[in-house]
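Quick notes on the structure that follows.
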Amino acid sequence: MATTLLTRTRDRLRRSAAATRARALIRVLTPRRVRVRFAMLFGLLFIASGAVLLSITYLLVNHPIHSVVTAFHGAPGSLPPVSAPPGGAPQPQTVIPLGPGSASPPAVTNWLDDQMRRQSAQLHRAQMHDLLVQSGTALAIMAAISIVLSWLLARRVLRPMRTLNAGVCRISASNVHERLAVEGPRDEISELADSVDGLLERLEAALESHKRFVANAAHELRTPLTVERALLEESLLDPDATAQSFRENFERLLRISTHQGALLESLLTLAVSERGMDRTEPVDLADVTKSVLLTQLTETQRRGVRIVDRTEPAPVAGDTALLERLVANLVHNAAYYNVPDGSMDITVRRHDRRAVLTVSNTGPEVPQDRVDQLFEPFQRMRRTAGDGHHGLGLSIVRAIAAAHDATLSARARPGGGLVIEVSFPLPVKGTERYERWPQARAATASK
């Protein structure tokens, strides 16, 4: 038993090694340049089609024609009847007229007929041989011509690709604003060039956004560092500094350090959200919303904001911590940018196979053209020093929504405030995520 298993394993390894060597040989023999492959392909197609055409011609011509010797008794000037095989064309006949009273020996007629058949067969074989040789010569000449023409044709076809490649290689980070702008008929090459131009446009926008983000982050981090340095220098240079003044400076330094920590945590959350998720789990968006509202209830009551929530079970597949951060940022943003005795309306519902979270709040009027800007990093409606806000809350919301394949929309509310809607896709029925949903929901409820 063990010997048989060992033999099978060896045979399997030999076959695998042979297949690997064969694939390696094919890779070595396959031309690397597309132009060479095109020329070979076009040439082989022409040779194959020419060979098929010559084979069909040869088969159609290869029908031997025999002449029949006939002795005919009749009046001068008359012809014998022509005989034809069933379903075929009449055969050529060699007629030997005989005068009245003469006789034709059958042996002579048969001998003449046999000689004519042999000569006809030899002539047919010679003609077919000449046809085969001449056709092969013509095919060889046309094969060489077709390979040359295929090489030139491949060069002509690939010329736009070389131009496109040169244009793409010319573009770098310093001139990403340039475009290929390929002109010509609307074919596959122009569509590819348009796709590359669209990609370059998106890359340019991403690079510009990255530059703005880095500049804003550097500004946000430089300001507290400057203040920290000033406080330290004040404590060191003041000869009359007391323990109370040191304590006050240290308390300010602690607040600034806390502010920097919150900023760095927000930047880290933004980076993690934009990177995407490694794994997902079934989460009830309604439970997440209720948990966040309970956590921020004290803060919203202190600000005098009235909360109206209407939730229904809405399962989504995602990361619980990121979803909690998304809801918390929306609730905090709606409470902070509000008016005295304002309100906040939070709705979680299922609509058109999607879980929809809507947060609407009263507040100062927001110009419609500034709504989209609020989701950019470090963008705020109003700036207040030391308020602990960095303008990253809605940016994190957008990044988390993108990581969950959710659609995010926002509009200015009539009379002031914002209406933000995040629509998540429901888990697909039959998948592991959907099957785990009832158990996860029961476990969450038991907690």
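Residue numbers (my numbering): 597 to 1043.
In this text, a Cβ means the ideal position worked out from N, Cα and C, and glycines have one as well.
- Counting along the chain, the unbroken beta strand (DSSP E) around Arg946 starts and ends at Ser939 to Arg946.
- By the neighbour-count definition (other C-beta atoms within 10 Å, threshold 16), His1000 is a buried residue.
- Closest in alpha carbon position to Phe846, among Arg611, Glu824 and Arg946, is Glu824.
- In this model, Met757 and Ile785 are separated by some 7 Å (Cα to Cα).
- The criterion of a C-beta distance shorter than 8 Å is satisfied by Leu919 and Val879.
- Three or more Cβ pairs drawn from the stretch 627-638 and the stretch 753-773 lie within less than 8 Å of each other, which places the two stretches in contact.
- According to the DSSP assignment, Phe971 belongs to no beta strand (DSSP E), since it is labelled neither H nor E.
- Less than 8 Å divides the Cβ of Ile942 from the Cβ of Thr885.
- Rounded to the nearest angstrom, the Cβ distance from Val901 to Ala931 is 5 Å, consistent with a contact under 8 Å.
- Check the Cα spacing between Gly914 and each of Gln840, His773, Leu795 and Leu1022: the tightest is with Leu1022.
- In the three-state reduction of the DSSP assignment, Pro1021 falls in the strand class.
- With contact defined as three or more Cβ pairs closer than 8 Å, the stretch 957-968 and the stretch 829-847 are not in contact.
- Rounded to whole angstroms, Glu844 and Gln856 show a C-alpha spacing of 18 Å.
- Per DSSP, the unbroken beta strand (DSSP E) holding Asp880 starts and ends at Glu877 to Asp880.
- Shown here, Thr838 sits in coil according to DSSP, grouped into three states, outside any helix or strand.
- If you draw a straight line from the Cα of Ser742 to the Cα of Val753, it is about 16 Å long.
- Beta-bridge pairing by DSSP links Arg713 to no other residue.
- In the displayed model, Thr958 falls within coil according to three-state DSSP, outside both helix and strand.
- Counting along the chain, Ala998 sits inside the alpha helix (DSSP H) bounded by residues Gly989 to Ala999.
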